[in-house]
Amino acid sequence: MMELDIIKDDEMDLLLEDVSTIYGYDFTQYSKASLKRRLNRICLIDKLASFAELRYQVVNDPSYLQRFVEEITVNVTEMFRDPYFYKKLREDILPKLGTYPFIRIWVAGCSTGEEAYSIAVLLQEINLYHKSLIYATDINPTVIEKASKGIFPLSKMKQYSENYIHAGGTQDFSSYYVAMYDIAKFHESLSKRILFSTHNLVSDSSFNEFQLILCRNVLIYFDKDLQNKVFRLFDNSLQNLCYLALGDKETLRFSSLESRYRQVKDQKIWQKLN
Amino acid sequence: MATDILLIGGSAGSITVLLQVLPAIDTDISFPIVIVLHRKSYPKSELDHLLEISTALPVQEVDDKMELENGKIYLVPADYHLLFEDERSIALDVSEKVNYSRPSIDVTFLSAVSIFGDRTVALLLSGGNKDGVEGLVSIVEHHGRVLIQDPVTAEVDYMPQQAMEALPMATILRPEHMADAINQLKHYK
Chain S
3 MMELDIIKDD EMDLLLEDVS TIYGYDFTQY SKASLKRRLN RICLIDKLAS FAELRYQVVN
63 DPSYLQRFVE EITVNVTEMF RDPYFYKKLR EDILPKLGTY PFIRIWVAGC STGEEAYSIA
123 VLLQEINLYH KSLIYATDIN PTVIEKASKG IFPLSKMKQY SENYIHAGGT QDFSSYYVAM
183 YDIAKFHESL SKRILFSTHN LVSDSSFNEF QLILCRNVLI YFDKDLQNKV FRLFDNSLQN
243 LCYLALGDKE TLRFSSLESR YRQVKDQKIW QKLN
Chain A
38 MATDILLIGG SAGSITVLLQ VLPAIDTDIS FPIVIVLHRK SYPKSELDHL LEISTALPVQ
98 EVDDKMELEN GKIYLVPADY HLLFEDERSI ALDVSEKVNY SRPSIDVTFL SAVSIFGDRT
158 VALLLSGGNK DGVEGLVSIV EHHGRVLIQD PVTAEVDYMP QQAMEALPMA TILRPEHMAD
218 AINQLKHYK
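Taken in sequence, the protein lines are chains S and A.
Under the working numbering, the first residue of the first sequence is numbered 3, with each subsequent residue one higher.
Under the working numbering, the first residue of the second sequence is numbered 38, with each subsequent residue one higher.
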């Protein structure tokens, strides 16, 4: 796709203020570089020739907001992304959590649900799913709706199956879904203990206490102040000695929480100390 | 024009060129170097170590929101786009592939030119798709400086060939002349 430069920095600030004031979605602490690309992208896709047109559409058409939120947030995700990470969950982290009477897991920024389903597969295979509950949340109601259906493009299954095997999976991955035309519909036994819900990391508060929180490749879209705010939210939502997992290039280092967490060796997983 | 950032983009056939060029780059260069290569995300590559032992300059794969320092080499991680947040810090992004690629060379080049303008310098190496060409064109439009590997010397010549056709006036370099051209950049004011 052509990269366009329709939106200027000061215009972006203006638009984000509008969206925050009118609709209560606060993107002002999102990373500017990424957001600007998304705004230019939505102008291109929706054939809006100028910043003024985009702003008019957003301000005057409340029904456009959902689409706006969906397009400016990044919803690219995959099953078993970073297979080593899932292997570590399977072989070490989840079995440790298995000693708890009940395992609550929060997938924050779950997008279309691929990570939540990946976790469900792991839990099923190590016989912990019956006493687990996965809370999968995202800012964006459209992706939550998609996620709850458990339907993914069949064209992705080859790669997901490879990821699954690299992550230590031993079953036939295709036994987890039914292929129909160009889609793969995952079995309902996988989603029955996943609760899908909207949650805005910027403005919503803690809603439970968890043994594992996954928030991978979400914080990269936030500036450092907002990252710290979200870390505090996670800290308030995590039981002592339990785990926070971040994306491969994200870190708890340099945050105010660092001293109270211990990083799991060679992993972007941190354990909350007592 | 002074140089604030040097970008190097490459795909198939570019690693051997880097291993030839990086050792000959002076350690007192007055700008950071950001390298965008197409590569597989799995298994984890040892590319940063390979580049690290080839040069006296510090090499590291970037983390989110990392601050760039002059005289250091930064490698864009597999499966992330790299954007510039401002003149000193970068942001990573896992959005859709561009030119079938993530990282995309175009994404980083275009982001750089929006921050550094005419103080952007980019070098495009061997490769089999046209990722990077649009970015080079934009850098030239903003009066930055563009260097292209001589397609005759490229293991896969499609990428530099496309760049040369889009920018007939650009500087074409054989690998053995690249380090000199890069070392010269610190003398421009």
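All C-beta atoms in this analysis are idealised placements derived from N, C-alpha and C, irrespective of residue type, glycine included.
Note that this is a predicted model, so its numbers are computed, not measured.
Establish whether the CB of residue i and some CB of chain A are separated by less than 8 Å.
i         : result
ALA35(S)  : yes
THR30(S)  : no
GLU72(S)  : no
ILE222(S) : yes
ASN42(S)  : no
ASP48(S)  : no
ASP7(S)   : yes
GLU117(S) : no
ASN219(S) : yes
LYS226(S) : yes
VAL266(S) : no
LYS251(S) : yes
VAL78(S)  : yes
With a threshold of 16 other CB atoms inside 10 Å of the CB of residue i, please say whether the residue is buried or exposed.
i         : result
PHE82(S)  : buried
ASP206(A) : It is worth fixing the name first, because residue 206(A) is Met in this sequence and not Asp. So MET206(A) counts as exposed.
TYR131(S) : buried
HIS86(A)  : exposed
VAL189(A) : exposed
GLN186(A) : buried
SER157(S) : exposed
SER205(S) : exposed
ASN62(S)  : exposed
ILE24(S)  : exposed
ILE90(A)  : exposed
ASN42(S)  : buried
GLN68(S)  : exposed
MET14(S)  : buried
MET3(S)   : Confidence in MET3(S) is poor, its pLDDT being 44 and thus under 50, which makes the residue's placement unreliable; the coordinate value appears in the next sentence. The residue is exposed, with fewer than 16 neighbouring Cβ atoms inside 10 Å.
SER79(S)  : The identity of residue 79(S) in the sequence shown is Thr, whereas the question assumes Ser. Its Cβ being crowded by 16 or more others within 10 Å, THR79(S) is buried.
LYS102(A) : buried
PHE104(S) : exposed
HIS118(A) : buried
GLU190(S) : exposed
Of all Cβ atoms in chain S, is any one closer than 8 Å to the Cβ of residue i?
i         : result
VAL131(A) : yes
TYR137(A) : no
TYR117(A) : yes
LYS167(A) : no
GLU122(A) : yes
PRO140(A) : no
ASP100(A) : yes
PRO212(A) : no
SER163(A) : no
PRO197(A) : no
ALA128(A) : yes
SER91(A)  : no
PRO114(A) : yes
SER148(A) : yes
SER82(A)  : no
SER151(A) : yes
Can you tell me which of the three DSSP states residue i falls into?
i         : result
TYR32(S)  : strand
LEU242(S) : Checking the sequence shown, residue 242(S) turns out to be Asn, not Leu. If DSSP states are grouped into helix, strand and coil, ASN242(S) belongs with the strands.
PRO97(S)  : helix
VAL193(A) : coil
VAL158(A) : strand
PHE236(S) : helix
THR144(S) : helix
ARG83(S)  : coil
PHE256(S) : coil
ALA61(A)  : helix
ILE271(S) : strand
LEU171(A) : According to the sequence as given, residue 171(A) is Glu; it is not Leu. In this structure, GLU171(A) counts as helix in the three-state DSSP scheme.
THR53(A)  : helix
MET201(A) : helix
MET159(S) : helix
Measure how close the beta-carbons of residue i and residue j come, nearest whole angstrom, since I'm counting them as under 8 Å.
i         : j         : result
LEU221(S) : LEU246(S) : 11 Å between Cβ atoms; not a contact.
ILE215(S) : ALA118(S) : About 13 Å; that fails the 8 Å criterion.
LEU59(A)  : LEU88(A)  : 6 Å
ALA216(A) : ILE110(A) : Not quite, the Cβ-Cβ distance comes to about 13 Å (not below 8 Å), so this is no contact.
ASP100(A) : LYS251(S) : 5 Å
Is residue i near the ligand MN, with its Cβ less than 7 Å from a heavy atom?
i         : result
HIS201(S) : Summarising the ligand content, the structure contains no ligands, and the ligand MN is consequently not present.
Would you say the stretch 176-184 of chain S touches the stretch 96-116 of chain S, given that touching needs at least three Cβ pairs under 8 Å? Taking a contact to require three or more Cβ pairs closer than 8 Å, the stretch 176-184 of chain S and the stretch 96-116 of chain S do not qualify as touching.
Can we say the stretch 169-177 of chain A touches the stretch 140-159 of chain A, given the rule of at least three CB pairs closer than 8 Å? Per the Cβ contact rule, the stretch 169-177 of chain A is in contact with the stretch 140-159 of chain A (3 or more Cβ pairs under 8 Å).
Would you check if there are 3 or more beta carbon pairs closer than 8 Å linking the stretch 185-200 of chain S to the stretch 140-147 of chain S? Output reads yes: the stretch 140-147 of chain S touches the stretch 185-200 of chain S.
Stretch pair the stretch 45-59 of chain S + the stretch 219-235 of chain S: three plus CB contacts closer than 8 Å: Cβ pair count under 8 Å is below three, so no.
State whether the stretch 181-197 of chain A contacts the stretch 44-51 of chain A, with contact taken as three or more CB pairs (one from each stretch) at a distance under 8 Å. Verdict: yes, contact present.
Cβ contact (3+ pairs, closer than 8 Å) linking the stretch 260-276 of chain S and the stretch 85-95 of chain S: With a cut-off of 8 Å, the stretch 85-95 of chain S and the stretch 260-276 of chain S count as touching, because enough Cβ pairs lie within range.
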